[in-house]
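Protein chains in written order, with the numbering used here: chain U, 1 to 121; chain Y, 122 to 620; chain X, 621 to 1113.
What follows is a set of notes on a single structure, which appears directly below.
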Amino acid sequence: MIVQKLGANFNYVIATLLFCIGLFTVITKPNLIKKFMGLNIMEASVFLFIVSVGAVREGSAPIVVKGMEKGVQFVNPLPQALILTGIVVAVSTTALALALMIKLYEQCGTLDADELKGMEE
Amino acid sequence: MEVYDIRPLLAPLISLVCAVLIFWLGDNTFLRRLFSISSSVLKWMIVMSMFPASLRGVVYVTELLPFARGIGFILRVDALGMFFAVLSSTLWIITTVYAIGYMEGEHARKRFFAFFAICVSTTVGVAFAGNLFTLFVFYEMLTIATYPLVIHEETPDAMKAGRKYLVYTLTGGSLILFATAMTFYLAGTVTLSENGILSLQHGVNTLFFLFVLFIMGFGVKAAIMPLHGWLPSAMVAPTPVSALLHAVAVVKAGVFGITRIVYNVFGFHLIKQLVVHFSGVAISAGSLLALAAAITIIGGSLMALLQDDFKKRLAYSTISQLSYIVLGVALLAPSGAMGGIVHLANQAFMKITMFFVAGAIAKKTGKKYISQLHGIGFKMPITLATFTVASLGMIGLPPLAGFITKWYICLGALEAKQAVFVAIMLISSFLNAAYFLPIVYRGYFVKPVDGDTAVSEAHWTLLAPCIICALYVIALGLFADLPFVPLALAREAMTTFLR
Amino acid sequence: MAGVSGHFPILIVVVPLVGAALTPLIGHWRRRLCMPWAALVMLFTFAMTAFLGVRLSLHGPIGYHLGSWEPPFGIEIYFDYVAALTFVIALFGFLVIIFSKRYVEKELEEAKISTYYTLILLILAGMIGFVVTGDMFNLFVFLEIISLSGYALIAIGGEKLTAMAAFKYLLVGAISSLCVLLGVAFLYSITGTLNMRDISHMLTLTDATRVASVALALFIVGFAVKAAMFPLHIWLPDAHALAPSPVSALLSGLVVKTGIVGMIRVLFNVYRINGPLNYGPVLNIMAWLAGITIILGAFFAFFQNDIKMMFAYSTISNIGYIVMGLSLASYFGIVGGLIHVFNHALIKTTLFLCAGAIIYKTGYRKLADLQGIGKKMPITMGAIVIAAVSIVGIPPTAGFICKWFIILGAIEAGKPVLAGMLLLGSLFIVAYYVKIINAAFFREPVHEITEVDEAPASMLIPIVILAIGCLLMGVFAYAPLAFIRPAVTGFLR
């Protein structure tokens, strides 16, 4: 029963799993780049979730073409537009983070969170 | 009868303007003195111009800036407020003269005089506050404006005293703020009224809690034990500060606040009904306050006996004397309240004389401890004579000012059928004698250690204020029943409150 | 709604945004023109917000439909009473830009100057957009604009620890943005719309309150990070203290407020938390956390000896005030919280600009080095005193009013203990501001001070304007109430 339910909503399950994996990585990994990769995984999971919200089984792309028959199921285009924006934001965040990490490495010579913590004092 | 008038605003404003001018141009000694003296005289004139009408029961009102329903800046000059304002503006003139002499050659005089002016401005604001909100605003401003004066010396001791002062008073202020908000919530208004704004329907327990909050809040500045700790340490301040602020403005603001709470927020009739039962014992708000006052009267006096530092002894004496006023108010009897209110003035003049003397002696001879004062009466006979007058007044010898107070408070205690407080007053008189008379004795009858008995009085700016205040002490006692004296104003206040 | 003025609601976002885009070009052409350009853009924006503010007070909220698409299909800009905050953002942004001129010339490499002004305009545009938008997804986008430019601005100074502070902020900030995005997704999945007023309406129809509650939790966590509420405040002290001072002023005065505005939008505009629907004890939890925030923020501030660090911790405790006021959800509480959004912005901007002036002039930022600074920079230190007295909440300055209202709100809501926590916190706050004032005025200088040596006029003028504002807003406290009262009445309807 539960398995069936999970199976039917496997996209949500995977989104949740990805979110948890990402969060785990962010919290536990000392290396800043790995931390940030964790964040990217979290972002991906959220995007997956949003796309799933608008998905329609057997739905086609929401593009109207000439001579299309009536009653065709479309997927909801709005979530797709949203994640497109979301991805742009995510990419710029990543770019900025990488730039910061380069700066950080130049300044402190390490990207290890524990070592950096020691340098703060 | 209420009359709209700009003068209640003008009175606090003028010393504020003075402060700004001093900050701006105060590096010049002449200008600084000019501003200080002229503004104090001007302020006194403004206050006094309202005095006759106030005696007839006229209430001047200025309303400003209402910024939320029921809350705004209201200045309202009733008899009690008038009383306090006359007191502080009169003493400001005298103290300004004294301060000019005393601060000669000290550092940061510009700062000193500017903040001095702000303090007096806020004190008059406290006196004229027409609602609790305005009262609180001025009360807190007073706290802040006094801080630079307390730490004027900038020594570690002074800084420590300043810190203590802020901790005590700001905590008290927070309690008042909380209580004010609660009052607003309960009564829907914070405007002081002649017969109180709260009523029993809010529940006895809530009201009692509120009362205790208020008393604890104002009790800090009124130095009710055990909230008195800041006052003796604040004595590191220069003497004019101790004199005006810690005998008149700051501490009296606390006592004045308590009076306002008892008569204008709760109201005479409500306080009488305010009795809670705590595990079978009935505690009434009035007797609780009176008890605290009685403990402070005796405790303060006993502590004063132990002090060798002249100013500290005066400080503990202040603590004990302030509670006379609180006791008078708490007795909830017409004569008691009148005695309490009139003691606002009497104590002020007596104590300020003493502080002036202490300052004059310290300035002239550098002696700050009572044990050093052998034969000071030979060197500074006039100074010590004024001190003698003031201490006899404190002890309550007729016909001096202190006698009037004690007479009325004892009368009030009898009216309230609480004769035990008569005994307290008598014990306290005895203790007063015990800690003041040795100073007088030592000054006049013990030969100086160095044998030098040549008369050398302090500068006239220091001496004249002592003499004037001492004369006041005599006059306040002798002419107590004339129409144009504090007592008449106190009577006017009482008749409206106890109606 | 005729002519150009009809488009002001979107222009106040677009103008600084376009201005930001043009700044690098102008910087490429003439580097010295960057600052006047940025100032001009902000002044223009400010004028438009002032116009809108007047309109708002006369005719009520202004709705603007992007491209004339009717909501819920199109994006809506909704200039309501909360959006009156844009006026403050534009004004302070303008002052900060003026202040930045000399500061940037001294502290930044020349190549970074145009980048700096670009980012400042971007962050201001983001904030204005964030406050006026009526669309949930736009809220997220503007939040990201603010955050990204914020991260970059913190690190722009290039000193040793700034990149670390920026990265810390970025990591926490990115997660919080994700929370917000996820919340938006949840709401969309149950309501099928992104327009705030529409969602609010749909929420009363749907029976998926559990999903809505989860989304609410995500929003609160996300915005609590931005607002630096305990226990999500860890990023703030470093970020605010290590950023260049004008940036600190913006971050502490305005950017943290976006978290607050986000909470207001979600709690009162979208969820109508006072309405019939029950979303669990969210407000209670927030109120208590706010109480802890106040006390802890003040407590930690006391043990700092770097003035900017003190101010940063002070921001945390003041955010506690605001959140407490809001989460009391009583009339006076919300009024107090909203007033403090404005007043704290005023006070904290003053403080950080003053700190900036001091650092610019002396290079010192430790309290021990700043002893006797009052003799050298009397105007700047005078402004600090006014702001300190304000933030402590001594009447009749700006900070007192909110304290009064929040305490009143706590009593009104039947939670006097919270009022007690607030008062206790404010006493702690006194303690450390007294430390600063004592050091500046009542202690002997450590470093030789011979004469009055003030910061340049372009720094002093914004400081003096703001300091006078701190006093005036205490005396004329009813001025912001003209906008706040109808806002709160709307929330509680």
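C-beta: ideal position from N, C-alpha, C; glycine also.
Remember, predicted model here, so these are calculated numbers, not experimental data.
Can you confirm whether residue i, when its beta carbon is compared against all beta carbons of chain X, has any partner nearer than 8 Å?
i	result
Y/T417	no
Y/Y306	yes
U/Q107	yes
U/V64	no
Y/E275	yes
Y/T292	yes
Y/M337	no
Y/I525	no
Y/L298	yes
Y/V541	no
Y/S242	no
U/A97	yes
Y/S136	no
Y/L287	yes
U/G124	Lying outside 1 to 121, the shown extent of chain U, residue 124 of chain U is not represented and no answer is given.
Y/I265	yes
U/I50	yes
Y/S295	yes
Under 8 Å, do residue i and residue j count as touching if we go by C-beta distance?
i	j	result
X/T1017	X/G1094	yes
X/A667	X/I740	no
X/V761	U/T85	yes
Y/K285	Y/M356	no
Y/A140	Y/A235	yes
Y/A469	Y/V561	no
Y/S456	Y/L391	no
Y/L72	Y/T244	The structure shown has nothing for residue 72 of chain Y, since chain Y only spans 122 to 620.
Y/G449	Y/I525	no
X/A640	X/T735	no
Y/L443	Y/V376	yes
X/V886	X/L852	no
Y/L336	Y/F254	First, the amino acid is wrong: residue 336 of chain Y is Ile here, not Leu. Contact flag unset, no.
X/L663	X/L1086	no
Since I believe residue j is in contact with residue i (beta carbons under 8 Å), could you give me their beta-carbon distance rounded to a whole number of angstroms?
i	j	result
X/M822	X/T811	4 Å
Y/L208	Y/A458	Not really, about 17 Å apart at Cβ, beyond 8 Å.
X/A859	X/A785	5 Å
Y/N326	Y/G388	The Cβ separation is near 18 Å, so there is no contact.
Y/Y565	Y/G498	4 Å
X/K1023	X/L1042	7 Å
Y/A206	Y/A266	At roughly 17 Å, the Cβ-Cβ gap does not stay under 8 Å, so Y/A206 and Y/A266 are not in contact.
X/G940	X/A910	5 Å
X/L615	X/G803	Since the first and last residues shown for chain X are 621 and 1113, residue 615 of chain X lies out of range.
Determine, using beta carbons only, whether residue i comes closer than 8 Å to chain U.
i	result
X/I743	no
X/K877	no
X/F762	no
X/K928	no
X/F707	no
Quick one: is the Cβ of residue i within less than 7 Å of any heavy atom of the ligand ZN?
i	result
X/H860	Among the ligands in the structure shown, none appear at all, so the ligand ZN cannot be discussed.
When you compare the CB of residue i with every CB in chain Y, is at least one pair closer than 8 Å?
i	result
X/F693	no
X/E1074	no
X/F1062	yes
X/A949	no
In the DSSP output, what is residue i paired with across the bridge?
i	result
Y/T312	Y/N252
Y/V180	Y/E123
Y/R197	Y/V182
task: Taking only runs that begin and end inside the segment 229-285 of chain Y, name each unbroken alpha helix (DSSP H) of 4 or more residues, in chain order.
output: Taking 4 residues as the minimum length, the alpha helix (DSSP H) runs contained wholly in the segment 229-285 of chain Y are 230-249 and 253-271, in order along the chain.
task: Run through the segment 679-733 of chain X for me and flag every whole beta strand (DSSP E) of 3 or more residues, listed as ranges in chain order.
output: 682-685 and 696-699
- request: Would you mind listing the alpha helix (DSSP H) stretches within the segment 1018-1056 of chain X that are 4+ residues and don't spill past its ends, in chain order?
  value: 1018-1032
field: Inside the segment 336-365 of chain Y only - beta strand (DSSP E) runs reaching at least 3 residues
entry: Correct list: empty.
query: Which whole runs of the beta strand (DSSP E) in the segment 393-437 of chain Y are 3 residues long or more, in chain order?
result: Runs of the beta strand (DSSP E) inside the segment 393-437 of chain Y: 396-399 and 402-405.
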